[in-house]
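Residue numbering for the sequence shown follows the UniProt record's numbering, beginning at 1 and increasing consecutively. Note that beta-carbon positions come from the ideal geometry of N, C-alpha and C, so glycine has one too. The structure presented is a predicted model; accordingly, all values stated were derived computationally and were not measured. Here is the structure we will look at.
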Amino acid sequence: MQDDPAIRLWLNDVSDGPPDSHVAIDESEATSRKRKPSQQRASSVSTEGYTENLSAISKKRKIDNPHLTFRAEDMKTGTMHNPPSRPSLESSELSEAITTKTMSESSIFWGEMRRLPADDAGLGYQELNVDAPPPVAADLVQRFGEISKGIGILPHESKEDITSHVQQQSWNLQPWKMAFLEKGDESNAALPGSVPAWEDVFNLCLRARDCFLEGHDGTSWKIEVHYELLKKIFRASGQGHDGSLDFMSCTTARPERTYLPRPWEAKLVDFCLFDNTDADSQARLDFISVTPARSVNHTGYRPLHRRPIVLSIETWRPEKTLDKKNLAMGVWHATQWSFLRSAVARKFREDDRETASKLAYKALRELGFIPGVIIHGHHWLFVFSTLESWTALVDGREQTVYRTVLWAGQEFGSTRSMRKAYQIVAGLRRLAGWATDVYMPWYRRHVLLIRDQDKDA
Numbered sequence: 001m002q003d004d005p006a007i008r009l010w011l012n013d014v015s016d017g018p019p020d021s022h023v024a025i026d027e028s029e030a031t032s033r034k035r036k037p038s039q040q041r042a043s044s045v046s047t048e049g050y051t052e053n054l055s056a057i058s059k060k061r062k063i064d065n066p067h068l069t070f071r072a073e074d075m076k077t078g079t080m081h082n083p084p085s086r087p088s089l090e091s092s093e094l095s096e097a098i099t100t101k102t103m104s105e106s107s108i109f110w111g112e113m114r115r116l117p118a119d120d121a122g123l124g125y126q127e128l129n130v131d132a133p134p135p136v137a138a139d140l141v142q143r144f145g146e147i148s149k150g151i152g153i154l155p156h157e158s159k160e161d162i163t164s165h166v167q168q169q170s171w172n173l174q175p176w177k178m179a180f181l182e183k184g185d186e187s188n189a190a191l192p193g194s195v196p197a198w199e200d201v202f203n204l205c206l207r208a209r210d211c212f213l214e215g216h217d218g219t220s221w222k223i224e225v226h227y228e229l230l231k232k233i234f235r236a237s238g239q240g241h242d243g244s245l246d247f248m249s250c251t252t253a254r255p256e257r258t259y260l261p262r263p264w265e266a267k268l269v270d271f272c273l274f275d276n277t278d279a280d281s282q283a284r285l286d287f288i289s290v291t292p293a294r295s296v297n298h299t300g301y302r303p304l305h306r307r308p309i310v311l312s313i314e315t316w317r318p319e320k321t322l323d324k325k326n327l328a329m330g331v332w333h334a335t336q337w338s339f340l341r342s343a344v345a346r347k348f349r350e351d352d353r354e355t356a357s358k359l360a361y362k363a364l365r366e367l368g369f370i371p372g373v374i375i376h377g378h379h380w381l382f383v384f385s386t387l388e389s390w391t392a393l394v395d396g397r398e399q400t401v402y403r404t405v406l407w408a409g410q411e412f413g414s415t416r417s418m419r420k421a422y423q424i425v426a427g428l429r430r431l432a433g434w435a436t437d438v439y440m441p442w443y444r445r446h447v448l449l450i451r452d453q454d455k456d457a
């Protein structure tokens with residue numbers, strides 16, 4: 001396979017990143033490329049800081065707050081990822097058909113986003129400004145910034161082997177210079193999951209290229225690329241893989257309507273990463289017995305009803321716009337936040353509803369945010385949501401209400417090149433580390449009501 005000239009030519013092209021016509025060049029790679037990098041689109045979030053981004057949330061809200069809805073210019077993203085022309089259509093005809101469909105999808109989506117409710121459990125959107133992220137997620141945003149530039153994505157022990165493969169292909173070594181950790185740096189060693197072998201990632205990149213060029217549908221992308229990559233990371237056998245986290249396809253896992261924010265319809269995702277341990281089995285059974293969905297999650301999906309979801313992944317074909325998938329992830333996360341707020345409020349049952357809700361919100365602020373991943377063809381994006389509160393007039397009186405805000409837009413990897421594919425691995429392992437180090441300890445303490453001394457016992 002490696003001696004095929006066509007494959008060698010393609011991999012030599014994508015090893016330094018995607019062409020300008022498909023995606024903007026990373027600043028870190030601009031100096032190693034001869035083509036002039038395309039201008040980056042200005043961020044819609046003010047560089048003056050997170051506080052100004054959410055200034056409207058700290059006040060009594062207005063329904064058509066421009067900071068909490070998509071803007072018209074954010075809708076025009078469909079042409080960036082158009083597939084190659086099909087023989088049955090002229091290029092101009094295909095372009096017109098895709099543009100018309102994209103405009104139709106955006107119009108529908110724009111209409112849905114204008115239905116923002118004035119009451120509890122609403123949904124808002126912010127395009128992430130990596131220079132001024134929400135403080136609760138600043139550390140993870142910074143780490144994903146480094147991952148997106150290929151910095152420290154691989155252990156030092158793999159340097160010799162991977163460098164040898166790169167040289168065998170006569171590829172440019174410059175983009176790999178910062179990819180390896182220094183000798184003795186074990187900062188990524190304890191992260192869940194495994195780093196796949198070169199041959200496995202090589203084959204996955206070939207599958208992804210075939211899916212793109214031959215116009216595979218979304219199901220084919222999931223089976224050929226997404227599922228296989230997740231399996232190589234989270235189901236690999238060997239030293240250091242304890243199976244504490246696993247993943248599954250969950251395309252039919254519907255959110256529990258009790259927690260679904262009005263006026264949205266249920267939105268589904270494609271994959272979930274979940275806690276696969278049984279250390280808290282009795283506490284989970286006790287919790288299940290008192291929840292509407294009979295589940296430890298915001299969905300009653302049977303295979304997940306005793307397995308806490310720690311990361312949700314949504315996928316989308318390259319010729320589609322991201323609008324609907326941002327909405328789907330936003331509604332899914334809003335449902336999850338509503339579930340968590342209800343679950344945490346259980347321990348404050350002796351207080352009135354308003355007080356219990358405020359106390360639950362305080363515990364949720366300790367968690368800070370919930371991450372997610374959206375896959376758009378080749379490209380993998382890190383998203384996260386926060387839960388914000390403010391005072392609004394409800395039924396003629398002031399009341400504290402809550403809204404999920406989805407922060408989207410940080411691409412961290414791609415199956416268009418080998419190095420960027422390893423960035424995907426690094427990003428997913430980093431999120432898995434957050435799940436085991438932050439989310440599950442918080443979940444045990446505030447949802448399952450397991451105290452540290454109970455766990456030690």
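My output table needs one value for residue i: the three-state DSSP class, helix, strand or coil.
i           : result
residue 169 : coil
residue 272 : strand
residue 327 : helix
residue 315 : strand
residue 383 : strand
residue 392 : strand
residue 378 : coil
residue 243 : coil
residue 146 : helix
residue 357 : helix
residue 372 : strand
residue 342 : helix
residue 277 : coil
residue 291 : coil
residue 45  : In this prediction, residue 45 scores a pLDDT of 34, lower than 50, which makes its location untrustworthy; the coordinate-derived value is nonetheless stated afterwards. Here residue 45 sits in coil by DSSP.
residue 417 : coil
residue 186 : coil
residue 196 : coil
residue 65  : Here the model assigns residue 65 a pLDDT of 35, short of 50, so the residue's position is not dependable, and the following value carries that caveat. Of the three classes helix, strand and coil, the one that applies to residue 65 here is coil, per DSSP.
residue 533 : No information on residue 533 is available, as it lies outside the stretch 1 to 457 that the chain covers here.
residue 435 : helix
Excluding the five sequence neighbours on either side, which residues of its own chain have a C-beta within less than 8 Å of the C-beta of residue i, listed in chain order?
i           : result
residue 345 : 356, 357, 359 and 360
residue 288 : 294, 295, 296, 305 and 306
residue 42  : Reliability of the predicted coordinates at residue 42 is poor, the pLDDT of 36 falling under 50, and the value obtained from them is presented with this limitation in mind. Taken in chain order, the list of residues that qualify is empty.
residue 178 : 28, 149, 150, 151 and 152
residue 248 : 271, 272, 274, 303 and 304
residue 181 : 152, 154, 155, 156, 187 and 188
residue 167 : 173
Residue i and residue j: beta carbons closer than 8 Å?
i           : j           : result
residue 409 : residue 427 : no
residue 221 : residue 299 : no
residue 253 : residue 229 : no
residue 273 : residue 137 : no
residue 284 : residue 154 : no
residue 292 : residue 256 : yes
residue 382 : residue 234 : no
residue 374 : residue 325 : yes
residue 259 : residue 338 : yes
residue 204 : residue 415 : yes
residue 429 : residue 193 : yes
residue 175 : residue 419 : yes
residue 364 : residue 125 : no
residue 400 : residue 333 : no
residue 450 : residue 278 : no
Can you name, in chain order, every residue of its own chain whose Cβ lies under 7 Å from the Cβ of residue i, other than the five neighbours on each side?
i           : result
residue 39  : Bear in mind that the predicted position of residue 39 carries a pLDDT of just 41, short of 50, making it too unreliable to give a figure here.
residue 465 : This structure cannot settle anything about residue 465, because the visible part of the chain is limited to 1 through 457.
residue 435 : 245, 273, 310 and 311
residue 200 : 232
To which residues does DSSP link residue i through a beta bridge?
i           : result
residue 125 : 406
residue 249 : 271
residue 212 : Partner(s): none; residue 212 has no beta bridge.
residue 152 : Its beta-bridge partners do not exist; DSSP assigns none.
residue 262 : Note: residue 262 sits in no beta bridge, so no partner.
residue 307 : Partner(s): none; residue 307 has no beta bridge.
residue 400 : 391
residue 299 : 255
residue 411 : 381
residue 180 : 154
Apart from the five residues just before and just after residue i, which ones in its own chain have a Cβ nearer than 6 Å to its Cβ?
i           : result
residue 133 : 141
residue 207 : 224 and 225
residue 372 : 312, 329 and 383
residue 165 : 198
residue 55  : Low per-residue confidence applies at residue 55: pLDDT is 41, beneath 50, and the placement is therefore not dependable, though the value from the model is reported in the following sentence. Around residue 55: no qualifying Cβ.
For residue i, decide whether its Cβ has a neighbour in chain B, counting only Cβ atoms nearer than 8 Å.
i           : result
residue 419 : Judged by its chain identifiers, the structure shown contains no chain B, having just a single protein chain.
#### Entry: Contact the segment 387-403 vs the segment 176-191: 3+ CB pairs below 8 Å
no
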